[in-house]
Amino acid sequence: MRRMLVLAMTGLMLASCTQTEQGAAIGAGTGAVIGGLATGNVRGAAVGAAIGGVSGALIGSVAEQPGQCYYRDRYGRRYIDDCPRRY
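Numbering-wise, numbering that gives the first Met the number 0 puts 27 at position 28 of the sequence shown, and it's gapless, one number per residue.
1. According to DSSP, simplified to helix, strand and coil, what is residue 84?
2. Do the CB positions of residue 51 and residue 31 come within less than 9 angstroms of each other?
3. Is it true that the CB of residue 53 sits closer than 9 angstroms to the CB of residue 26?
4. Is residue 124 buried or exposed, if buried means 16 or more other CB atoms sit within 10 Å of its CB?
5. When burial is assigned at 16 or more other CB atoms within 10 Å of the CB, is residue 34 buried or exposed?
6. In or out: residue 48 buried (at least 16 other Cβ within 10 Å) or exposed?
7. Could you tell me if residue 62 is buried or exposed, where buried requires 16 or more neighbouring beta carbons within 10 angstroms of its beta carbon?
8. Which of helix, strand or coil does DSSP assign to residue 18?
If you want it as structure tokens, here you go:
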């Protein structure tokens with residue numbers, strides 16, 4: 000019963016966050032678990048949390064820009080513009 004309450008509270012907290020914040024939280028949690036299991040110590044969990052948090056935040060920030068795509072020009076520079084229709 001206690002676990003269900005904690006999971007419900009965690010879900011409610013994440014529901015009020017932006018996509019970037021949700022991505023960072025989920026990435027950090029997943030990274031911490033994977034890093035801890037892979038190395039067997041706290042340092043690995045901390046590194047995994049940091050890498051997962053940054054990766055999740057980047058993925059979440061892209062999700063906040065619907066209808067926007069990343070492109071590269073012929074000189075290799077990246078830019079953001081509207082996606083093609085029906086994309």
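Yeah, the Cβ is synthetic: ideal placement off N, Cα and C, and Gly gets one too.
With the structure as the only source:
1. Translated into positions along the sequence shown, residue 84 becomes position 85. The answer is coil: DSSP assigns residue 84 none of H, G, I, E or B.
2. By 1-based counting over the sequence shown, the position of residue 51 is 52. By 1-based counting over the sequence shown, the position of residue 31 is 32. For residue 51 and residue 31, yes; Cβs fall inside 9 angstroms.
3. By one-based count along the sequence shown, residue 26 stands at place 27. By one-based count along the sequence shown, residue 53 stands at place 54. Against a cut-off of 9 angstroms, the Cβ pair of residue 53 and residue 26 comes out as a contact.
4. Summary: the structure shown does not reach residue 124, with the chain confined to residues 0 through 86, and so no result is reported for it.
5. Taking the first residue of the sequence shown as position 1, residue 34 is located at position 35. Classification for residue 34: buried.
6. Along the sequence shown, read from residue 1 onward, the residue named residue 48 stands at position 49. The residue in question, residue 48, is buried, as its Cβ has 16 or more Cβ neighbours within 10 Å.
7. For the purposes of this step, residue 62 is taken as the residue at position 63 of the sequence shown. Counting Cβ neighbours within 10 Å, residue 62 comes out exposed, since fewer than 16 surround it.
8. Counted from its first residue, the sequence shown places residue 18 at position 19. Residue state, collapsed to three classes: helix.
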